[in-house]
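Q: In the order they appear, the protein sequences are chains X and V.
First residue of the first sequence? That's 0 in numbering that gives the first Met the number 0, and the numbers climb one at a time after it.
First residue of the second sequence? That's 0 in numbering that gives the first Met the number 0, and the numbers climb one at a time after it.
The beta carbon of each residue, even a glycine, is placed where N, CA and C say it ideally should be.
Sending over a structure as structure tokens; questions will come in a sec.
2 protein chains.
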Amino acid sequence: MSRLKRLLIGRPLGNDDINREKYGVLWGLPILASDAISSVAYAGQEILLVLVPVIGLAAYGQLINISLVIIGLLAFLTFSYSQTIENYSNGGGAYIVAKDNLGITAGVTAGAALSVDYVMTVAVSISSGVEQITSAFLPLRPYTVHICIATIIFITIVNLRGVRESALIFGIPTYAVILAFLSMLIVGFINQKGGQVDQQISIKAIEPVSVLLLLKAFSNGCTALTGFEAVSNAVPNFKEPSVKHARSVLLLLSLTVLVLFGGTSLLAKAYCVVPGDRAIVVQIAEAVFDRNFMFFYVVATTFIILVMAANTAYSGFPLLVAVMAKEGYVPRQLGMRGDRLSYSNGIIVLSAVAIILITAFRARVSDLIGLYAIGVFISFTLSQAGMFARWLKNRGKHWKVKALINGTGALLTAAAVLVITTTKFSEGAWVVVVLIPALIYFMMKIKNHYTAVAKQLRISTEELKNTNISRDHYRNRVIVPVESINKASLRALRYAKTISDNVTAFNVSIDTESARKLRERYDKLKTGIPLIIKYSPFRKVVEPLLKFIESAEYDYQPGDMITVILPQFAVRTWWQNLLHNNTGIFIERELLRHNHIVIARMPLQLKYDDFVLKTRKNSKLEI
Amino acid sequence: MSRLKRLLIGRPLGNDDINREKYGVLWGLPILASDAISSVAYAGQEILLVLVPVIGLAAYGQLINISLVIIGLLAFLTFSYSQTIENYSNGGGAYIVAKDNLGITAGVTAGAALSVDYVMTVAVSISSGVEQITSAFLPLRPYTVHICIATIIFITIVNLRGVRESALIFGIPTYAVILAFLSMLIVGFINQKGGQVDQQISIKAIEPVSVLLLLKAFSNGCTALTGFEAVSNAVPNFKEPSVKHARSVLLLLSLTVLVLFGGTSLLAKAYCVVPGDRAIVVQIAEAVFDRNFMFFYVVATTFIILVMAANTAYSGFPLLVAVMAKEGYVPRQLGMRGDRLSYSNGIIVLSAVAIILITAFRARVSDLIGLYAIGVFISFTLSQAGMFARWLKNRGKHWKVKALINGTGALLTAAAVLVITTTKFSEGAWVVVVLIPALIYFMMKIKNHYTAVAKQLRISTEELKNTNISRDHYRNRVIVPVESINKASLRALRYAKTISDNVTAFNVSIDTESARKLRERYDKLKTGIPLIIKYSPFRKVVEPLLKFIESAEYDYQPGDMITVILPQFAVRTWWQNLLHNNTGIFIERELLRHNHIVIARMPLQLKYDDFVLKTRKNSKLEI
């Protein structure tokens, strides 16, 4: 296991390696941009899927309109987030900004919303990526879910290896996909073909354009904007000067999305591709290139950019939960770096939840899309509202303009949240509407638990000075549960004598005959330790022991500390462990509920436990 | 959890309750007979499935011939096993008989073969039972696997409750199914209809009857005999005189199977039912009764008898593995009785493996049947060969006749093993051919492990007398890993002082700043205990600690016993446990590999760990 882990994950990295794991603009862009860029593959398609069946050819005109609205939103977000990066160079994004300026509840809400968003990013991006592949190679379609899961496992391993190596693997392909789309746009617009008539015949308007329909289409289109917060969350992952690098990446990202998303929408209109059975990017590529090399190049790179998009979540989610873990809103383990300096627990949680979602929804993008976008738009809103509050409070140079930008951005995204929630409620959005408050509740509960624990454990410096740990010695008494008289129990009795002069041996017997035999053997051994034997009709061990401790016979005094010694075989392999009865584990779990009982586990290494009984040198056991 | 368990399983039973959990002939027959009786539902059907597609109408004649051969085998087995029961009143069946008379390898082989057989009994019986239901109610067919799993879970719960209550639940329905089949046979033979011509047209011979084909059909038919060994394995479950009760049940069982299996074969011939899409019992019942009340009664009771058949394995398998566990061939836990006196671990293992098999084979009886019957016929052969060897050695009254019966039986079943293995090898039998030797290997390995452990732990009476456990006192040293100075660590330091005067506090730090702060606070506390701080660049805890122990700095002397004290929070619920970092568990696991390190876990009960921070009386923690 351990060697397999090393092979997959790589050698452990020291804390000092941490600075070498950061990136600049050149690698930051491909790692963080892909979520936004990749939405080209599904945002336009999901807009058309809503419109075409109802309003027919008019859909393509509306696609352009909706795209323009979304690009407008993108512009606002770019300005808005640029201001955020400048003010928050330690990452955490919406969570930190909301918490700082709007209070804890807003921060936790943003954190919960973002967590949902990251998971959805992985689920939607991988499902869409694999949809590209199965649209180009139809025989692969029955294996959609399997391919999705294999891809997630691959990404997981890459991310567990750490950030820098991700940059090498993920950087070059991102530039390749930008090149692919630019080629497709250029060739597509130059050779606009007219041979799409047969498709146009099947596209008939059924109803006139309605506002509700446009809003539904807009909701699907909003998924194009998810992933923007990745840049501001990841500021501490940038090389110094990290703020400058992050802002440059944000601007470049917006320009790229503008060109690719806008261009593809225009191309979809020009070629009148019909959404439905096959992914529209694959259809456009086929129309433009006719299944030549470039067709496969576009399909492959689109798949890859969607995988990168999922990878964005792997940059963002573990960082976000690590920040929240440090503040006690999620389990502490999520804030610990693994062997390779990545936050391994966060990575594994993200993968596990995404795999469950993809399996549950059979990797259908149209079904998953209803759950998407709400999370991220809630966090957009809270982040910008936070910045707005900040300007109002702190003021500073040009504060009015800055507040206006952030405030307008907040209103726009808040409106989007409303639109998405109402138009997509029955198509999956309700899940998120239930889930986010549930997450907030649990995060608060966790925080309260950590606070309560810390409060109980805390010792003030004043108290420290006045504490003398050897002041009041209590009685330290030992009980050794004895199943039979063997080398392990003898060893435990001997140890017991060294740590206390108040030792009791204790046995639970299920019949009188075995009790008699045990006592006979025990008496041969002159220990000076009393042996208490209790009869247990229910084959229980712990209850009789606790009852004995509380009995007058044992004379337990408040303040006594009782150490229970559990002799334990240490065997060499896991299967050998299964062979030994685990009574010890149960005893331990029960007894640890008592404040004045210490459990001492005393291992006895078994020497020749092989299939063939070899006699080795020095195999004699000391007891 | 605990209350759910009580609700499902019932109150715990004391050891003294054990005698009340036994059965006589009246309840022994339904519990142990069902496997053999239930094969009426699939043995004939699987014979026809092999024959009809190839030899057409001639199949029905051959069905009768093959049934006669199998009934002949049944007769021999009845005599043979009757002699076994007489000689072995403590159960264990083939395993014990083979081990006693042919040696350990034969015994373990029989045990492995029987274990496979029991699992297959559950898988085949449940699959066939649910097939009856889905043949009668076709809309249920897509849920076949789900219904199978639900049924297994139901049986598991019933069996965990214990033997006696099983008798009440399972007894009456078994008699009901015997009644159902007898009614169907009587009505069927009285009203023989001629209206089956349309079916006969579709049954055309393709090839002449071949020996290989008949042997294949015979192999499938052999499944009718599985479950016979249940009676001889379960002798200790009978009321006294248990031998007499068991022999009566065996004889009654044979007669019942003779009538039902023979009668149904004749009826299948008379009505020319065609095997294939629907279970033949359902087809016969429909032909005889025309979907009136009796039709549903037959289907329901056939389902129930097949569930009972699975239940036979729940009587046999846990007893078998308990016997083997007591001798050390399988993990000891399988030999322990649960709260309700049933061997709960064996029951759970059986259910788990059966569920896996049913899921893997999509509950298709025809696919599972290839794996069935080999196991039980191997054990039949070994058991009878064992009895044969016994007569040769011990002689006694009429020993020659008895040896002849057992010897012939052994030869017959050995021939059946050969036939089944060769004719069904590619249809699944190879799995069993691989699995049984693998099981034998592991059982031998487990036995060797237990022997090695026992050898190392054993202390002779002589040694006991000469042992003085307080003779050579070793140095007892204590290390307290300290993460921060809090009430839990103070408590651990205080405890350490009471058990040794050689105590060291130990901290692993990932940066110098936190190390400095810790030392500052520690120094305020005048403990007289040295604090060692080590820097760990790889965020590891255990390695630095072990390195320290081995270092010259610590001055470890061979023979020193080191106690490591792990302070531990005891929280109230499982989710709170998830919130605390489990470093302690890892430290414990690593350190227990060392012979001279004792792990002492010191619990600290946290008092107010609720969502709302309430202050309670006496909530002040003592340290």
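With a Cβ-Cβ cutoff of 8 Å, do V230 (chain V) and A245 (chain V) count as a contact?
A: On the second sequence, residue 230 (chain V) is found 231 positions in, with the first residue counted as 1. On the second sequence, residue 245 (chain V) is found 246 positions in, with the first residue counted as 1. Yes; because the gap between Cβ atoms is below 8 Å, this pair is in contact.
Q: Ignore the nearest five residues each way along the sequence and tell me which others in N475 (chain V)'s own chain have a CB closer than 6 Å to its CB.
A: One-based indexing of the second sequence puts residue 475 (chain V) at position 476. Taken in chain order, the residues that qualify are S499, M560.
Q: Suppose you measure from the CA of K446 (chain X) to the CA of A74 (chain X); what does that come to, to the nearest Å?
A: Here residue 446 (chain X) is taken as the residue at index 447 of the first sequence, counted from 1. Here residue 74 (chain X) is taken as the residue at index 75 of the first sequence, counted from 1. Between K446 (chain X) and A74 (chain X), the C-alpha separation is close to 37 Å.
Q: Starting from the C-beta of I46 (chain V), find all residues in its chain whose C-beta is less than 7 Å away, skip the five residues before and the five after it, and write them out in chain order.
A: In the second sequence, residue 46 (chain V) corresponds to position 47, counting from 1. Only L62, I65, A216, N219, G220 meet the Cβ criterion.
Q: Give a yes or no on whether the minimum CB-CB distance between Q575 (chain V) and chain X is below 8 Å.
A: Against the second sequence, residue 575 (chain V) aligns to sequence position 576. Yes, its Cβ sits closer than 8 Å to a Cβ of chain X.
Q: List, in order along the chain, the chain X residues whose C-beta lies closer than 9 Å to that of H145 (chain V)?
A: Indexing the second sequence from 1 puts residue 145 (chain V) at position 146. What H145 (chain V) touches in chain X: nothing, since even the nearest Cβ is about 17 Å away.
Q: Which residues, in chain order, does the region 491–509 of chain V contribute to contact with chain X at a C-beta distance below 8 Å?
A: L492, R493, Y494, K496, T497, I498, S499, I509
Q: Under a three-way DSSP split, which group does M443 (chain X) fall into?
A: Your numbering for residue 443 (chain X) matches position 444 in the first sequence. Of the three classes helix, strand and coil, the one that applies to M443 (chain X) here is helix, per DSSP.
Q: Taking 8 Å as the threshold, find out whether the region 309–318 of chain X comes into contact with the region 143–155 of chain X through three or more Cβ pairs.
A: yes
Q: Given this structure, state the Cα-to-Cα distance separating D197 (chain V) from I279 (chain V), to the nearest angstrom.
A: Position 198 of the second sequence holds residue 197 (chain V). Position 280 of the second sequence holds residue 279 (chain V). With a pLDDT of only 49 at D197 (chain V), under the threshold of 50, the placement of this residue in the model should not be trusted, and no figure is reported.
Q: CB A514 (chain V) to CB I532 (chain V), shorter than 8 Å?
A: Counted from its first residue, the second sequence places residue 514 (chain V) at position 515. Counted from its first residue, the second sequence places residue 532 (chain V) at position 533. Going by C-beta atoms, A514 (chain V) is nearer than 8 Å to I532 (chain V).
Q: V248 (chain X): which of X:Y80, X:C271, X:G374, X:S182 sits nearest, CA to CA?
A: Position 249 of the first sequence, counted from the start, is the residue given in the question as residue 248 (chain X). Checking every option, the nearest Cα to that of V248 (chain X) belongs to X:Y80.
Q: Using a Cβ-Cβ cut-off of 6 Å (strictly less than) and excluding sequence neighbours within five positions of Q191 (chain X), which residues of its own chain qualify?
A: The residue you call residue 191 (chain X) lines up with position 192 of the first sequence. Same-chain partners within the cutoff: A269.
Q: Taking the alpha-carbon positions, what's the Y555 (chain X) to V563 (chain X) distance?
A: Translated into the one-based positions of the first sequence, residue 555 (chain X) becomes position 556. Translated into the one-based positions of the first sequence, residue 563 (chain X) becomes position 564. If you draw a straight line from the Cα of Y555 (chain X) to the Cα of V563 (chain X), it is about 14 Å long.
Q: For the alpha helix (DSSP H) containing D422 (chain V), name the first residue and the last one.
A: If you number the second sequence from 1, residue 422 (chain V) lands on position 423. A quick correction: the sequence has Thr, not Asp, at residue 422 (chain V). Boundaries of the alpha helix (DSSP H) harbouring T422 (chain V): 398–423, taken from the DSSP string.
Q: If contacts are defined as beta-carbon pairs under 8 Å, then A409 (chain V) and A384 (chain V) qualify, I think. What distance do you get, rounded to the angstrom?
A: Your numbering for residue 409 (chain V) matches position 410 in the second sequence. Your numbering for residue 384 (chain V) matches position 385 in the second sequence. The Cβ separation is near 4 Å, so the contact holds.
Q: For V118 (chain X) versus L381 (chain X), is the C-beta spacing smaller than 8 Å?
A: As a position in the first sequence, residue 118 (chain X) is number 119, starting the count at 1. As a position in the first sequence, residue 381 (chain X) is number 382, starting the count at 1. Going by C-beta atoms, V118 (chain X) is not nearer than 8 Å to L381 (chain X).
Q: Can you tell me the Cβ-Cβ gap for Y575 (chain X) and M601 (chain X), rounded? I've got them flagged as a contact below 8 Å.
A: For this step, residue 575 (chain X) is matched to residue 576 along the first sequence. For this step, residue 601 (chain X) is matched to residue 602 along the first sequence. In the sequence under discussion, the amino acid at residue 575 (chain X) is Gln, which differs from the Tyr named in the question. Actually they do not touch by this definition, with Cβ atoms about 18 Å apart.
Q: Could you name each continuous alpha helix (DSSP H) segment of 4 residues or more that falls completely within the region 115–189 of chain V, going from the start of the chain to the end?
A: 143–160, 162–189
Q: In whole angstroms, give me the CA-to-CA distance for I132 (chain V) and F302 (chain V).
A: By one-based count along the second sequence, residue 132 (chain V) stands at place 133. By one-based count along the second sequence, residue 302 (chain V) stands at place 303. Looking at the two C-alpha atoms, the distance is approximately 7 Å.
Q: Is it the case that the CB of G23 (chain X) approaches a heavy atom of the ligand PLP more closely than 7 Å?
A: Within the structure as shown, the ligand PLP is missing, as the structure has no ligands at all.
Q: At a Cβ threshold of 8 Å, is T358 (chain V) touching chain X?
A: One-based indexing of the second sequence puts residue 358 (chain V) at position 359. Output row for T358 (chain V): interface = no.
Q: From V507 (chain V) to R336 (chain X), what distance separates their C-alpha atoms?
A: As a working mapping, residue 507 (chain V) is identified with position 508 in the second sequence. As a working mapping, residue 336 (chain X) is identified with position 337 in the first sequence. Each residue's Cα considered, the two are about 16 Å apart.
Q: Listing by chain order, which chain V residues have their CB less than 8 Å from the CB of Y449 (chain X)?
A: Looking up residue 449 (chain X) in the first sequence gives position 450. Under the 8 Å cutoff, chain V gives L578.
Q: Whole angstroms is fine: what's the gap from T225 (chain V)'s alpha carbon to G110 (chain V)'s?
A: Along the second sequence, read from residue 1 onward, the residue named residue 225 (chain V) stands at position 226. Along the second sequence, read from residue 1 onward, the residue named residue 110 (chain V) stands at position 111. For T225 (chain V) and G110 (chain V), the distance between alpha carbons rounds to 15 Å.
Q: Does DSSP classify R476 (chain X) as helix, strand or coil?
A: In the first sequence, residue 476 (chain X) corresponds to position 477, counting from 1. Three-state result, R476 (chain X): strand.
Q: Just the chain V side, please: which residues come within less than 9 Å of K533 (chain X) by C-beta, in chain order?
A: Sequence index remark: in the first sequence, residue 533 (chain X) carries index 534 (1-based). Ordered by position in chain V, no residue passes the 9 Å Cβ test against K533 (chain X), which lies about 14 Å from the chain.
Q: Starting from the Cα of G43 (chain X), find the closest Cα among X:R457, X:I69, X:E512 and give me that residue.
A: By one-based count along the first sequence, residue 43 (chain X) stands at place 44. Comparing Cα positions, the closest option is X:I69.
Q: Am I right that Y22 (chain X) and N236 (chain X) are in contact with their C-beta atoms under 8 Å? What's the rounded C-beta distance?
A: Looking up residue 22 (chain X) in the first sequence gives position 23. Looking up residue 236 (chain X) in the first sequence gives position 237. Contact flag correct, Cβ pair sits at about 7 Å.
Q: What is the DSSP secondary structure of G527 (chain X), reduced to helix, strand or coil?
A: Taking the first sequence and counting its residues from 1, one reaches residue 527 (chain X) at position 528. In this structure, G527 (chain X) counts as coil in the three-state DSSP scheme.
Q: My parser needs the alpha helix (DSSP H) runs of 4 or more residues fully inside the region 49–108 of chain X; what are they?
A: 57–86, 92–101
Q: To the nearest angstrom, report how far apart A551 (chain V) and L25 (chain X) are at their CA atoms.
A: Numbered from its first residue, the second sequence carries residue 551 (chain V) at position 552. Numbered from its first residue, the first sequence carries residue 25 (chain X) at position 26. So the two alpha carbons sit approximately 50 Å from each other.
Q: Is any beta-carbon of chain X found at less than 8 Å from that of D197 (chain V)?
A: What you label residue 197 (chain V) is simply residue 198 of the second sequence in a count that begins at 1. Because D197 (chain V) sits at a pLDDT of 49, beneath the cut-off of 50, its placement in the model cannot be relied upon, and the following sentence gives the value as read from the coordinates. By this cut-off, D197 (chain V) is not an interface position.
Q: At a Cβ threshold of 8 Å, is Q604 (chain V) touching chain X?
A: Along the second sequence, read from residue 1 onward, the residue named residue 604 (chain V) stands at position 605. Yes, its Cβ sits closer than 8 Å to a Cβ of chain X.
Q: So what does DSSP say about F237 (chain X), is it helix, strand or coil?
A: Position 238 of the first sequence, counted from the first residue, corresponds to residue 237 (chain X). In the structure shown, the three-state DSSP call for F237 (chain X) is strand.
Q: List the DSSP bridge partners of Y22 (chain V).
A: To locate residue 22 (chain V), count along the second sequence from 1; it is residue 23. Paired residue(s): V:F237.
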